[in-house]
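Going letter by letter, the sequence shown gives residues 12 to 544 in my numbering.
Where is the CB? At the ideal position from N, CA and C, for every residue including glycine.
Shown next, in structure tokens, is the structure this report addresses.
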Amino acid sequence: MTSEQMKKQRVWLIVIAVLAILIYLFSTARGPGIGGDATIYLTTARNFVQGNGLGLIGPQGEFRLLPYFPPFFPLVLSLFIGLGIDGVLAAHLVNGICFGLAVWLVGWMTLRASRNLWLASLTALLATFSPVLIPVYSWAMSEPLAILLGFGSLSVLLDYFQQPDKKGNLVISAGLAGLSLLTRYSSAAFLAAWALLVMFFAAGNWRARIETALTYGVLGSLPMLGWIFYDLSQTASVASRSMEPGMGLATRLAAFWANLREVILFWFVPDSWITSPPYPEGLNTVLVLAAMLGMAVLTFLGLRKINKREMQLLWQLSAGLVFFTVVYALLILLVSLTTYPPITIGSRMFSPVHLSFFWLVVLMIGAISTLNHPKTWQKTAGWLVLGLLLSWYGLRSLRIVQQNFSEGLGYNARDWQNSQTMQAVRELPADQLIVTNEETAILYLSGRASYAMQEIYANTPDIHQGRYGDGDIHEDQPEKLFHDGKAVLVLFNSLPQQVSGLYGERAEGWAAKLTEGLDVVFQGEDGAIYRYP
12 MTSEQMKKQR VWLIVIAVLA ILIYLFSTAR GPGIGGDATI YLTTARNFVQ GNGLGLIGPQ
72 GEFRLLPYFP PFFPLVLSLF IGLGIDGVLA AHLVNGICFG LAVWLVGWMT LRASRNLWLA
132 SLTALLATFS PVLIPVYSWA MSEPLAILLG FGSLSVLLDY FQQPDKKGNL VISAGLAGLS
192 LLTRYSSAAF LAAWALLVMF FAAGNWRARI ETALTYGVLG SLPMLGWIFY DLSQTASVAS
252 RSMEPGMGLA TRLAAFWANL REVILFWFVP DSWITSPPYP EGLNTVLVLA AMLGMAVLTF
312 LGLRKINKRE MQLLWQLSAG LVFFTVVYAL LILLVSLTTY PPITIGSRMF SPVHLSFFWL
372 VVLMIGAIST LNHPKTWQKT AGWLVLGLLL SWYGLRSLRI VQQNFSEGLG YNARDWQNSQ
432 TMQAVRELPA DQLIVTNEET AILYLSGRAS YAMQEIYANT PDIHQGRYGD GDIHEDQPEK
492 LFHDGKAVLV LFNSLPQQVS GLYGERAEGW AAKLTEGLDV VFQGEDGAIY RYP
């Protein structure tokens, strides 16, 4: 391939990346999705720039180190905020840039490995139109940065395999993987998977490769080790999680499978088909099992087709994606079974695996349908499957983007922006303490810190339920403040849904009983404000 041809192919992949950014901008026309986690990231970044520390400031001025999350995403946002850019705009810019770079990266890595522009273009276009990735990148969250750093680390590591004398690439790759881990704890899978890749594909004998893999792992762990040391010195805990006992393991495993089933289903069918499919519901389980088995068979057949010497880069890239997919799934399974509070198993959590999954699908179908003189039917079938998948993703993503454009996302959605109750909160005296079931919504939309109702975080139902303020005020500081008349209670209509996991059909009644006999300060269509009588 001439340098001129390579230049044209790079330009074509840049065009696809620009298309991805345009789709992203359309999806986030009302602003990026802001939820509870995003509010914490943004507020933490602002506080850091203002010299208050990397964390949150409570209703009475108390400081709390960044809870639950590693710090790199808010640190990146703080760089933009320090330059005078609004925090929300900073998150909007960062995630848009990450989307474009990620699309270009997967296309470029596929082109280098397969030497086939069609396969590279399909990979980049599938990422561009993915109904999983578009929502993930449309929210002001840390996954986009973590994904870019994680797979960018793989790209540099493959360069190291091609030129083992350039040790700097090994260090850079480990550093990028370490920063991905410093962005999201689940990115430990990137570091572990790439260390395995080093052990199998680095130069030297087995002993030398194992030593190199250990060195890679240690280098990549340094950023997180520094954060853990600092976190422990300040809070005596990491990520605010505790270990679960062995009892109830079967129940947690069943819950994990149920959630994973929905995640994988969404890769193939719209969300509405998961809950109310236009076909027998049992076919959804069949589809998930068929996808998992089919992927295993496809990977086996595809890897057999790759000539390890002539297509060494393709073999290494494919192996890396296999390692990552397996390691990530096992890591999330381990964490979900052994820690409390339980992590949320959803499309956002598994978005890196989604990217790895369909990337591997393209590589394996490409290997079967383009390498070693395949039969005509193999070529036709391979390209037909990829073409249908791209078309299906495009149709689904069109609806998702249109909905995001029309309604907005999270606290930037129409309902929250026009909230009557939130407007009433803004009009409360500046020194008024607040207890609420929507702590981060109030923080984002009014700039006021508040106390969260402890009831929405309970893991067992309240068997002695009464009105709010009459509970155990010696154990519940927010409820005591409300009982003593020092705080108002702001309840949004989302409360029954928040406790539905505990109370089921009784959630509405539970929420209604909570406010019986309280003085109503304000009543809106979406919530109310109360005082203790």
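Nearest residue (CA-CA) to residue i, options the options
i           : options               : result
residue 471 : 440, 456 and 514      : 514
residue 276 : 87, 363, 303 and 521  : 303
residue 133 : 284, 23 and 163       : 23
residue 231 : 460, 79 and 160       : 160
residue 205 : 339, 401 and 321      : 339
residue 197 : 412, 359 and 461      : 359
residue 26  : 90, 139, 426 and 81   : 139
residue 345 : 191, 267 and 540      : 267
residue 375 : 417, 391 and 329      : 329
residue 319 : 124, 539 and 481      : 124
residue 83  : 193, 488, 167 and 90  : 193
residue 37  : 46, 107, 102 and 422  : 107
residue 411 : 145, 21, 45 and 86    : 145
residue 495 : 479, 272, 505 and 506 : 479
residue 85  : 115, 195, 32 and 143  : 195
residue 71  : 443, 143 and 522      : 443
residue 523 : 537, 536, 532 and 507 : 507
residue 80  : 354, 20 and 173       : 354
residue 47  : 542, 463, 521 and 296 : 463
residue 214 : 65, 313, 174 and 274  : 174
residue 473 : 455, 34, 521 and 427  : 521
residue 179 : 63, 93, 533 and 223   : 223
residue 469 : 489, 439, 512 and 105 : 512
residue 337 : 398, 208, 430 and 298 : 208
residue 481 : 427, 430, 544 and 305 : 544
residue 103 : 33, 430, 241 and 351  : 33
Residue i - containing beta strand (DSSP E), residue span
i           : result
residue 338 : Premise fails: residue 338 lies in the alpha helix (DSSP H), 323-349, not in any beta strand (DSSP E).
residue 420 : First-last for residue 420: undefined, no H or E at that position.
residue 447 : 444-447
residue 74  : 74-76
residue 530 : 530-534
residue 502 : 498-503
residue 539 : 538-542
residue 68  : 66-68
Straight-line Cα distance separating residue j from residue i
i           : j           : result
residue 88  : residue 149 : 16 Å
residue 42  : residue 49  : 12 Å
residue 171 : residue 348 : 36 Å
residue 288 : residue 486 : 46 Å
residue 413 : residue 152 : 21 Å
residue 291 : residue 111 : 39 Å
residue 176 : residue 18  : 27 Å
residue 434 : residue 453 : 10 Å
residue 121 : residue 95  : 38 Å
residue 393 : residue 404 : 17 Å
residue 284 : residue 529 : 43 Å
residue 158 : residue 113 : 8 Å
residue 30  : residue 366 : 18 Å
residue 261 : residue 97  : 47 Å
residue 331 : residue 519 : 49 Å
residue 246 : residue 76  : 8 Å
residue 286 : residue 264 : 21 Å
residue 533 : residue 228 : 56 Å
residue 371 : residue 119 : 14 Å
Cutoff 9 Å: residue i Cβ touching any chain B Cβ
i           : result
residue 302 : Of the protein chains in this structure there is only one, and it is not chain B.
Whole-angstrom C-beta distance between residue j and residue i, which should lie under 8 Å
i           : j           : result
residue 446 : residue 503 : Wrong, their Cβ atoms sit about 12 Å apart, outside the cutoff.
residue 437 : residue 457 : 5 Å
residue 190 : residue 234 : 6 Å
residue 509 : residue 540 : With a Cβ gap of about 18 Å, residue 509 and residue 540 do not count as contacting.
residue 136 : residue 300 : Residue 136 to residue 300, Cβ: 28 Å. No contact.
residue 116 : residue 184 : Rounded, the Cβ-Cβ distance is 14 Å, inconsistent with contact.
Limits of the alpha helix (DSSP H) - the one that residue i falls within
i           : result
residue 376 : 362-381
residue 103 : 98-125
residue 494 : 488-494
residue 182 : 178-192
residue 303 : 293-316
residue 482 : Here residue 482 belongs to no alpha helix (DSSP H), and DSSP marks it neither H nor E.
residue 508 : 506-509
residue 319 : Element bounds for residue 319: n/a, residue is neither H nor E.
residue 92  : 83-93
residue 174 : Taken as a continuous stretch (DSSP letters only), residue 174 belongs to no alpha helix (DSSP H), as it is neither H nor E.
residue 274 : 260-277
Quiz prompt | Ranges of the alpha helix (DSSP H) found wholly within the region 387-473, counting only runs of at least 4 | solution = 387-418, 425-428, 431-437 and 450-457
Practice problem: Please specify which runs of the beta strand (DSSP E), each continuous and at least 3 residues long, are wholly inside the region 24-73, giving them in chain order. | Solution: 66-68
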